[in-house]
Amino acid sequence: MARCLDGTSLRFVPDYEPRRAGASRKGIAEVVPGGGTLLTGTGESVEKNPKVMRRFWLFALLFWYGATVASGQVVWTDPAVVRVDRPVTIYFNAKEGTGGLAGYTGDVYAHTGVITNESRTDTDWRYVKADWGENRADIRMERIGEDLYRLHIPDIRAYYQDYSGTPPPGAPPWDNIYDEQILKLAFVFRNADGSREGKDVGGRDIFVDVAPPGLAVTFAAPSVTPL
Numbered sequence: 057m058a059r060c061l062d063g064t065s066l067r068f069v070p071d072y073e074p075r076r077a078g079a080s081r082k083g084i085a086e087v088v089p090g091g092g093t094l095l096t097g098t099g100e101s102v103e104k105n106p107k108v109m110r111r112f113w114l115f116a117l118l119f120w121y122g123a124t125v126a127s128g129q130v131v132w133t134d135p136a137v138v139r140v141d142r143p144v145t146i147y148f149n150a151k152e153g154t155g156g157l158a159g160y161t162g163d164v165y166a167h168t169g170v171i172t173n174e175s176r177t178d179t180d181w182r183y184v185k186a187d188w189g190e191n192r193a194d195i196r197m198e199r200i201g202e203d204l205y206r207l208h209i210p211d212i213r214a215y216y217q218d219y220s221g222t223p224p225p226g227a228p229p230w231d232n233i234y235d236e237q238i239l240k241l242a243f244v245f246r247n248a249d250g251s252r253e254g255k256d257v258g259g260r261d262i263f264v265d266v267a268p269p270g271l272a273v274t275f276a277a278p279s280v281t282p283l
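So the number in our numbering is just where the residue sits in the sequence shown, counting from 1, plus 56.
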């Protein structure tokens, strides 16, 4: 049983297989649009009540945000499972990791690229958005609180396949990110002149795993077999 901020009670009702001698019982909820059955205290399906649905997701987002910040992560994402074919927002807590940008009040930028199936190692970033110290608007982090920042990426492939420049004369065409499998997003956060940076614990680069298109996450309750 859960309760929204306005007092609306919610409960999840799993689907059960008919019980019979020696049968197992399973409850399954799919984390995909329309999956699962959430009911209000009056027994009404949440999916059929847009007002309650908005309250539920607001409550879930606030709970998830608080738990993430409390856990001390350097970055987290919305949605939590990043898919290459979906928009994503990257959140950065400057107090965590190396803390090199903690307390900094100037503009913060994301030095970012991707790790693909063509990368030799995790240090082999591909499709880097800008040179170190190049301060472009599309890599500037939005400040949303003290030492908290975010960067919205509406289309991962389009964002990193940067056609703002052209190959030098005689050089081969740019590689095509659409021909590669994106495995991770890579980040180091910095100030405008690059003299301060925010990295993961131990000075490591920051990575966000990327799932392939069409991934669906499911949760299954343990099987219960009557003795």
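No residue lacks a Cβ here, since even glycine has one placed at the ideal position from N, Cα and C.
Residue range of the unbroken alpha helix (DSSP H) whose run includes residue i
| i | result |
| --- | --- |
| Ala-214 | 212-216 |
Endpoints, the beta strand (DSSP E) within which residue i is located
| i | result |
| --- | --- |
| Arg-199 | 198-201 |
| Ile-195 | First-last for Ile-195: undefined, no H or E at that position. |
| Ile-233 | No beta strand (DSSP E) contains Ile-233, which DSSP labels as neither H nor E. |
| Thr-154 | Neither: Thr-154 is in no beta strand (DSSP E) and is coded neither H nor E. |
| Asn-173 | Counting along the chain, Asn-173 falls outside any beta strand (DSSP E), and DSSP gives it neither H nor E. |
| Arg-142 | That residue, Arg-142, is in no beta strand (DSSP E); it is neither H nor E in DSSP. |
| Trp-132 | 131-134 |
| Arg-206 | 204-209 |
| Val-264 | 262-265 |
Presumed contact (8 Å Cβ cut-off) between residue i and residue j, rounded CB distance
| i | j | result |
| --- | --- | --- |
| Gly-128 | Glu-152 | 5 Å |
| Lys-240 | Asp-218 | The Cβ separation is near 18 Å, so there is no contact. |
| Ala-242 | Gly-169 | 5 Å |
| Asp-256 | Val-130 | 6 Å |
Residue i - DSSP class collapsed to helix/strand/coil
| i | result |
| --- | --- |
| Gly-162 | coil |
| Gly-189 | coil |
| Val-257 | helix |
| Ala-150 | coil |
| Ala-242 | strand |
| Arg-182 | strand |
| Gly-83 | With a pLDDT of 39 at Gly-83, under the threshold of 50, the modelled position of that residue is not reliable, and the figure given next carries that caveat. Looking at Gly-83 - three-state DSSP - the assignment turns out to be coil, as it is neither helix nor strand. |
| Pro-269 | coil |
| Tyr-72 | Residue placement at Tyr-72 cannot be trusted, given a pLDDT of 40 that sits under 50; what the coordinates show is reported in the next sentence. The answer is coil: DSSP assigns Tyr-72 none of H, G, I, E or B. |
Which listed residue (the options) has its alpha carbon closest to that of residue i
| i | options | result |
| --- | --- | --- |
| Leu-207 | Asp-141, Gln-237, Phe-245 | Phe-245 |
| Thr-133 | Ala-166, Pro-210, Glu-253, Tyr-147 | Tyr-147 |
| Tyr-160 | Val-264, Ala-150, Ala-166 | Ala-150 |
| Thr-145 | Arg-252, Ile-195, Ile-171 | Ile-195 |
| Asp-203 | Gly-155, Ala-166, His-167 | Gly-155 |
| Arg-252 | His-167, Arg-142, Gly-270 | His-167 |
| Arg-192 | Gly-226, Asp-249, Trp-181, Val-138 | Asp-249 |
| Gly-162 | Pro-225, Trp-230, Glu-198 | Glu-198 |
| Asn-247 | Trp-181, Asp-180, Tyr-205, Thr-179 | Tyr-205 |
Sub-7 Å separation of residue i and residue j beta-carbons
| i | j | result |
| --- | --- | --- |
| Val-266 | Ile-238 | yes |
| Leu-157 | Gly-259 | no |
| Thr-172 | Glu-236 | yes |
| Ile-200 | Val-140 | no |
| Tyr-216 | Tyr-183 | yes |
| Pro-210 | Pro-143 | yes |
| Val-137 | Val-264 | no |
Near the ligand SAM: residue i beta-carbon under 6 Å from a heavy atom
| i | result |
| --- | --- |
| Ile-233 | Looking for the ligand SAM in the displayed structure turns up nothing, as the structure carries no ligands at all. |
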